[in-house]
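Visitor: Just dropping this structure here.
Structure, rendered in structure tokens:
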């Protein structure tokens, strides 16, 4: 079946602009995660959605970052007023029920802020 | 605070050798531990997931062990092949915050034909 998909695969933007990154999880997976992978910081957890529960936002680096998950499926990560330090690969993952399950990762979105 | 360390950062071995990758973590109160591989420019692929109550997991030529008391996990790769070349990442979830996964910095493995 289809895996986790992310769009766009690459995004180049100017400093100060807003960007939206999209994640389509595997159908039926209730848990969805966003991560950021950058050269200086490695892989960092950003946010976790589980069904209709309030998301765990403890990894979001600033209030410029937000995410939503509509209808328990597709998720959008929004970065407002982008900064050069936001440049990274943003990875999305989903799992069937939650933290006890294997996560399946998407290919990522490479964000470059000029 | 949970910290995850992987040593070595890079490893190069000839094809056919058995090898061990190491992962250490500072807080033994973990929920589970997972090993991933990442190929250049790609996302992560899960290899093995070890729950807190388990000591090891096996899949094909891979075997991962977990020793919570010493804060260590090892990934054993038998009869290595050039296709095993990738970066291997260890990731830990704490019991106190199971939704948040903490990654090590990875070991970049190169298998020489």
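Chains as they are written, first to last, in my numbering: chain A, 2 to 115; chain B, 148 to 260. Even glycine gets a Cβ: it sits at the ideal position worked out from N, Cα and C. Bear in mind that the values here come from a model prediction, so they are computed numbers and not experimental data.
Would you be able to state if there are at least three C-beta pairs under 8 Å between the segment 80 to 88 of chain A and the segment 218 to 226 of chain B?
Guide: no
Visitor: Three or more C-beta pairs under 8 Å: does that hold for the segment 201 to 211 of chain B against the segment 223 to 238 of chain B?
Guide: yes
Visitor: Mind listing which residues of the segment 13 to 26 of chain A have their C-beta closer than 8 Å to chain B's C-betas, in chain order?
Guide: none
Visitor: Any heavy atom of the ligand ATP within a distance shorter than 7 Å of the CB on residue 6 (chain A)?
Guide: This structure does not include the ligand ATP; it has no bound ligands of any sort.
Visitor: For residue 199 (chain B) and residue 149 (chain B), what's the separation of their Cα atoms in angstroms?
Guide: If you number the second chain from 1, residue 199 (chain B) lands on position 52. If you number the second chain from 1, residue 149 (chain B) lands on position 2. Between residue 199 (chain B) and residue 149 (chain B), the C-alpha separation is close to 15 Å.
Visitor: Within the chosen definition, does the segment 169 to 182 of chain B reach the segment 149 to 158 of chain B through at least 3 CB pairs nearer than 8 Å?
Guide: Contact between the segment 169 to 182 of chain B and the segment 149 to 158 of chain B is present, because at least three Cβ pairs lie under 8 Å.
Visitor: Tell me, which residues are paired with residue 196 (chain B) by DSSP?
Guide: Sequence index remark: in the second chain, residue 196 (chain B) carries index 49 (1-based). Answer is B:181, bridged to residue 196 (chain B).
Visitor: Roughly how many angstroms lie between the CA atoms of residue 212 (chain B) and residue 77 (chain A), to the nearest whole one?
Guide: The residue you call residue 212 (chain B) lines up with position 65 of the second chain. The residue you call residue 77 (chain A) lines up with position 76 of the first chain. Rounded to whole angstroms, residue 212 (chain B) to residue 77 (chain A) spans 36 Å at the Cα level.
Visitor: Under a three-way DSSP split, which group does residue 72 (chain A) fall into?
Guide: Against the first chain, residue 72 (chain A) aligns to sequence position 71. Three-state DSSP puts residue 72 (chain A) in a helix.
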